[in-house]
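Here the numbering used here is used: position 123 in the sequence shown is 118, and no number is missing along the way.
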Amino acid sequence: MSDRPINLSTSGPPETVLDSEPDDALAALAEATNAAEPVSAIAAVCARWPRFLAAWASLGDEVDEPALKYAAYRTGYHRGLDRLRANGWRGSGYVRWRHETNQGFLRALAGLQRTAAQIGEADEDERCAIFLRQLDPDWPPS
C-alpha cells in the first residue's frame, strides 16, 4: 500500500500527481533531445531510466516508423499506469496536464491515440481519446 497522499476534492474525483523525475534523468533527456542522433540518445535515456515517462513519449515523438512510435508510446503508457498506481491512483480520478510531472504520461497516451489512428486501430484510438478526457476534463491542453 502506498503512503503517498491522494488529493480528494469536494467537487469531483480524486486527483493524482506523479512524483518528479530525478534531476539527472531530466538533464539527460534534455541533452538527448538536442543530440545529433536524438533517437539513439533518447533510447539510451529510456534504457537507463525505464520508468521515465517523458523519455518514452519523446522517443515516440522522434522515431519515424509508425510501429516504433506505437511501441514507444505504448511502453510509456503502460509504465505510466504502473507509476500512477504507485502514486495512489486506483483506476479512476484525475491525472491533469497542468501538473508538469503528469505530462509525460499524458503525452504517451496522446501519442498512442494518434499512432493507433494512423495504423488503423480505430477502437484503441477511441478508447485513448475517451481516457484522456476522463483523466483531464480540460483535455486537450492549450
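Beta carbons are placed, not taken as given, at the ideal position from N, Cα and C, and that holds for glycine.
{"Check": "From GLY86 to GLN113, what does the alpha carbon distance come to, in whole angstroms?", "Outcome": "27 Å"}
{"Check": "Considering just the uninterrupted stretch of the alpha helix (DSSP H) at ALA81, what are its terminal residues?", "Outcome": "61 to 81"}
{"Check": "What do you get for GLY115, buried or exposed, if any count of 16 or more other CB atoms within 10 angstroms of its CB means buried?", "Outcome": "exposed"}
{"Check": "For TRP44, collect the residues of the same chain with a Cβ closer than 8 Å to its Cβ; drop the 5 residues on either side in sequence, then sort them by chain order.", "Outcome": "GLU16, PRO17, ALA20, ALA23 and ALA50"}
{"Check": "Based on Cα-Cα distance, which residue from GLY83, GLU95, ASP77 and TYR68 lies nearest to GLN108?", "Outcome": "TYR68"}
{"Check": "What would DSSP say about MET(-4), mapped onto helix, strand or coil?", "Outcome": "With a pLDDT of 47 at MET(-4), under the threshold of 50, the modelled position of that residue is not reliable, and the figure given next carries that caveat. MET(-4) falls in the coil class under three-state DSSP."}
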